[in-house]
Amino acid sequence: MMEKTKTALLAALVVISLLQSYLLAYSMPGLGVTTSSKQDYVSTESMGQEGKLENLIFPEDIVLHLGKEKHTVLYPSMNFYNLIYTKIQSREFKGFQRNTFSVLNWDEVRDRDLGVELRFGTGVPVELLGKVLKLEGDLQFLGDVINRIWIFKNSDREEVRTYFFSANGMTVYESVKADLTAQDVQMYVGYGEFQTSYEPIEDDIYTPSGPIESQLAIVNYQTYAPEQMQRNLFFDPGVTRAIVDRSGSQIFTDGKRGLQIEQNGKWISYTDPVAGQGESNSESENVYESIRFVNQHGGWDGLNRLLHTETLDRQTVRYQQYYSTQFYGSYPIVPNSPFIFGEMKLRLQQGVVSEYARSLITLDKKAESQEVRWLPGGETLKSELARYSRRGEVNALYPAMLASPEEEDRLKLEPVWVVRLRDGTQEVLMKSLGEKPEPGEPGGAALPVGGADSGEAEEGKNKTDTQRG
């Protein structure tokens, strides 16, 4: 009897075991694995476009030296700017020799010799510059930061010299094996023959002899929902909670990270205080990581340019957004305070992003409406700059777009003259005019000396009309 009972129990166990194996194999409801890793919560939804390093580094402007104290300035995306920069990118620069800044009288070179000057604003680390130009140098050169490249042809002989200027203001590197010819330089300079004339003043600042034609634009925009960034930035959005601080800003937090929503859902500030500790990576490594992070968390809107940090803080990486006009090039965007727009800022520790601030606005590619505006030039602009209260801190002057919010999800982008101060601050110096000022009027060119004929006046008009190059 006992043997029969043991046999029956054994058979029952075998049947139960086979049944369990069957249910597990075919994933019957209620018996599947329900645990999931944090990575399952990472959002893969696409937001902005991806960016590449080579598209984020380009000259702030290009100065052409025409000889006989004549000069002109080209801005990003102008046809002649693109032609010159593309040709220079195809050249090789080798055999760098280090010297002091005073190796040449640069004022004489500027006014006498034909040349092209690529100016990178606050500078670009050579390690990154080498990704957009063909450079081959020693470790000392590769560890420096370059803020301009000056290529010129000696006026008394067919010799081309190429200098890279360190951002420290004391060192220059001559590329003695640059594959550039006198014909190359003459071709580059030829593009500026009929452009607006510019005059150099102190601090390597150039001002136009007359008004500069530009364009005011009204542009529609869309806004990413704050919840999209929440899903994109937090590993597990399901455990985040929303709170409202005293200022009325909404904050998402998972107990460690924080995502603050400002400006009625149009601006975010993300912090991850435990992202990294200890010493920071090099600036170049931080730039690469910042690009990867932005690609994954929000993407890019239009044209952006890397801004080198002049201070000792190499943990902060900044990018400035540009607006591309239809005919007049691309201008950096500056916001009309207290509105915040036009820049991304990231802070990294040990190659990990601990702070991330950006706009959630994306501009339409085509403007809703446009109208011609004129940026003042001549003595009016120079006088305004001379009267500026912080003139001693100014190290750059350039046209920009002042962004102001309008009703119904629109932005007004208005051409303005902007100054950049030593600390990186950008301030509006002068706004544009609706009508073109005539010679002798405020903002216009100087009156011809000695009763110039109508032919000279027409020549001045042609220079302005062709500046859109």
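Using our numbering, read the sequence shown as starting at 1023 and increasing by one per residue. Ideal Cβ positions, reconstructed from N, Cα and C, are used throughout, including at glycine.
Starting from the C-beta of ALA1189, find all residues in its chain whose C-beta is less than 6 angstroms away, skip the five residues before and the five after it, and write them out in chain order.
Here the question's residue 1189 lines up with position 167 in the sequence shown. Scanning its chain for C-beta atoms nearer than 6 angstroms, with the 5 sequence neighbours on each side dropped, one finds around ALA1189 the residues GLY1145, VAL1167, ASN1169, in chain order.
Alpha-carbon to alpha-carbon, GLY1260 and PRO1222:
Residue mapping note: residue 1222 aligns to position 200 of the sequence shown, counting from 1. Residue mapping note: residue 1260 aligns to position 238 of the sequence shown, counting from 1. Straight-line measurement puts the Cα of GLY1260 at about 59 angstroms from the Cα of PRO1222.
Put ASN1358 into one of helix, strand or coil per three-state DSSP.
The sequence position of residue 1358 within the sequence shown is 336, counting from 1. Coil at ASN1358, not helix or strand.
MET1423, DSSP secondary structure in three states:
Against the sequence shown, residue 1423 aligns to sequence position 401. Three-state result, MET1423: strand.
If LEU1329 and LEU1385 are in contact, beta carbons under 8 angstroms, what's the gap, nearest whole angstrom?
If you number the sequence shown from 1, residue 1329 lands on position 307. If you number the sequence shown from 1, residue 1385 lands on position 363. Going by Cβ atoms, the distance from LEU1329 to LEU1385 rounds to 20 angstroms, so no, they are not a contact pair.
Quick one, are the C-beta atoms of PRO1437 and LEU1397 less than 9 angstroms apart?
Position 415 of the sequence shown holds residue 1437. Position 375 of the sequence shown holds residue 1397. At the C-beta level, PRO1437 and LEU1397 come within 9 angstroms of one another.
Apply the 10 Å Cβ neighbour rule to ARG1340 and answer buried if 16 or more other Cβ atoms are within range, or exposed otherwise.
Along the sequence shown, one-based indexing puts residue 1340 at 318. ARG1340 should be labelled buried.
For THR1108, the first and last residue of its enclosing beta strand (DSSP E)
Along the sequence shown, one-based indexing puts residue 1108 at 86. Unbroken run through THR1108 is the alpha helix (DSSP H), 1101-1111; no beta strand (DSSP E).
Residue range of the beta strand (DSSP E) that VAL1241 falls in?
Here residue 1241 is taken as the residue at index 219 of the sequence shown, counted from 1. Element bounds for VAL1241: 1234-1245.
Would you call GLU1082 buried or exposed, if buried means 16 or more other Cβ atoms sit within 10 Å of its Cβ?
Walking along the sequence shown from the start, residue 1082 turns up at place 60. By the neighbour-count rule (16 or more Cβ atoms within 10 Å), GLU1082 is buried.
DSSP on SER1049, reduced to helix/strand/coil?
Walking along the sequence shown from the start, residue 1049 turns up at place 27. Bear in mind that a pLDDT of 35 at SER1049, under 50, signals an unreliable position, so the number given afterwards is only what the model happens to contain. Three-state DSSP puts SER1049 in coil, outside helix and strand.
Beta carbon of MET1366, beta carbon of TYR1246: below 9 angstroms?
The count along the sequence shown starts at 1 and reaches residue 1366 at position 344. The count along the sequence shown starts at 1 and reaches residue 1246 at position 224. Contact: no.
For TYR1048, does the count of other Cβ atoms within 10 angstroms reach 16, so buried, or fall short, so exposed?
Start at 1 with the first residue of the sequence shown, and residue 1048 comes out as number 26. Interpretation of TYR1048 is limited by its pLDDT of 37, a score under 50 that renders its predicted location unreliable; no figure is taken from the coordinates.
What is the DSSP secondary structure of THR1402, counted as helix, strand or coil?
Translated into the one-based positions of the sequence shown, residue 1402 becomes position 380. DSSP places THR1402 in helix when its eight states are reduced to three.
Which residues in the same chain have their Cβ closer than 6 angstroms to the Cβ of ALA1418, if we skip the five residues on either side of it in sequence?
The residue labelled residue 1418 in the question sits at position 396 within the sequence shown. Cβ neighbours of ALA1418 beyond the five flanking positions: ARG1442.
Put PHE1123 into one of helix, strand or coil per three-state DSSP.
Looking up residue 1123 in the sequence shown gives position 101. Reduced to three states, the DSSP call for PHE1123 is helix.
Return the chain-ordered list of same chain residues with a C-beta closer than 8 angstroms to the C-beta of GLU1181, the five sequence neighbours on each side being excluded.
The sequence position of residue 1181 within the sequence shown is 159, counting from 1. Contacts found: LYS1175, ALA1204.
Compute the Euclidean distance between the alpha carbons of ARG1412 and HIS1093, then round it to the nearest angstrom.
Position 390 of the sequence shown, counting from 1, holds the residue named residue 1412. Position 71 of the sequence shown, counting from 1, holds the residue named residue 1093. Note on geometry: alpha-carbon atoms of ARG1412 and HIS1093 lie some 26 angstroms from one another.
Burial state of SER1352 (16 or more Cβ within 10 Å)
Position 330 of the sequence shown holds residue 1352. Buried, by the Cβ-count rule.
Option nearest TYR1103 by Cα separation, candidates PHE1080, LYS1116, ARG1113:
Your numbering for residue 1103 matches position 81 in the sequence shown. Nearest option by C-alpha distance: PHE1080.
Drop a sphere of 10 angstroms on the beta-carbon of VAL1207, count the other beta-carbons inside from all chains shown, and report buried for 16 or more, exposed for fewer.
The residue labelled residue 1207 in the question sits at position 185 within the sequence shown. Classification for VAL1207: buried.
Please state whether DSSP places PHE1256 in a helix, a strand or coil.
Here residue 1256 is taken as the residue at index 234 of the sequence shown, counted from 1. In the three-state reduction of the DSSP assignment, PHE1256 falls in the coil class.
What residues match up with HIS1093 in a beta bridge as DSSP calls it?
Walking along the sequence shown from the start, residue 1093 turns up at place 71. BP columns for HIS1093 point to HIS1087, TYR1220.
Note down, in chain order, each residue of its chain lying with its Cβ closer than 6 angstroms to the Cβ of ARG1493, except the 5 sequence neighbours on either side.
Given that the chain is displayed from residue 1023 to residue 1491, the structure contains no residue 1493 and the question cannot be resolved.
C-beta atoms of GLU1311 and VAL1374 nearer than 9 angstroms:
Along the sequence shown, read from residue 1 onward, the residue named residue 1311 stands at position 289. Along the sequence shown, read from residue 1 onward, the residue named residue 1374 stands at position 352. Their beta carbons are under 9 angstroms apart, which means GLU1311 touches VAL1374 by this criterion.
For VAL1085, I'd like the list of residues in its chain whose CB is within less than 7 angstroms of its CB, leaving aside the five on either flank, ordered along the chain.
Locating residue 1085 in the sequence shown gives position 63, counting from the first residue. Only HIS1093, VAL1095, GLU1139, ARG1141, TYR1228 meet the Cβ criterion.
Three-state class that DSSP yields for SER1271 in the structure shown:
Here the question's residue 1271 lines up with position 249 in the sequence shown. Coil, per DSSP.
At a cut-off of 8 angstroms, would you count ARG1444 as near the ligand COA, judging by its Cβ distance to the nearest heavy atom?
Absent from the structure shown: the ligand COA. Ligands present: none.
Do ASP1135 and SER1177 have their CB atoms nearer than 9 angstroms?
Your numbering for residue 1135 matches position 113 in the sequence shown. Your numbering for residue 1177 matches position 155 in the sequence shown. Their beta carbons are under 9 angstroms apart, which means ASP1135 touches SER1177 by this criterion.
Would you kindly report the start and end of the unbroken beta strand (DSSP E) that includes ARG1432?
Stepping through the sequence shown from its first residue, residue 1432 is reached at position 410. Element bounds for ARG1432: 1432-1443.
Range of the contiguous alpha helix (DSSP H) that encloses GLY1212
Here the question's residue 1212 lines up with position 190 in the sequence shown. That run of the alpha helix (DSSP H) goes 1204-1212.
Does the segment 1268-1276 come close enough to the segment 1447-1465 that 3 or more CB-CB pairs lie under 8 angstroms?
Counting Cβ pairs under 8 angstroms, fewer than three are found: no touch.
Considering only DSSP beta bridges, list what THR1293 is partnered with.
Position 271 of the sequence shown, counted from the first residue, corresponds to residue 1293. THR1293 is bridged to GLY1280, GLU1377.
Should THR1248 go down as buried or exposed, given a rule of 16 or more other Cβ atoms within 10 Å for buried?
Within the sequence shown, numbered from 1, the residue matching residue 1248 stands at position 226. Rather than Thr, the amino acid found at residue 1248 in this sequence is Pro. Per the 10 Å Cβ criterion, buried.
Does the separation of the CB atoms of ASN976 and GLU1072 fall below 9 angstroms?
Because the chain here runs from 1023 to 1491, residue 976 falls outside it and cannot be looked at.
Enclosing alpha helix (DSSP H) for ASN1077 [first to last residue]:
Here the question's residue 1077 lines up with position 55 in the sequence shown. Secondary structure note for ASN1077: its alpha helix (DSSP H) is the uninterrupted segment 1075-1078.
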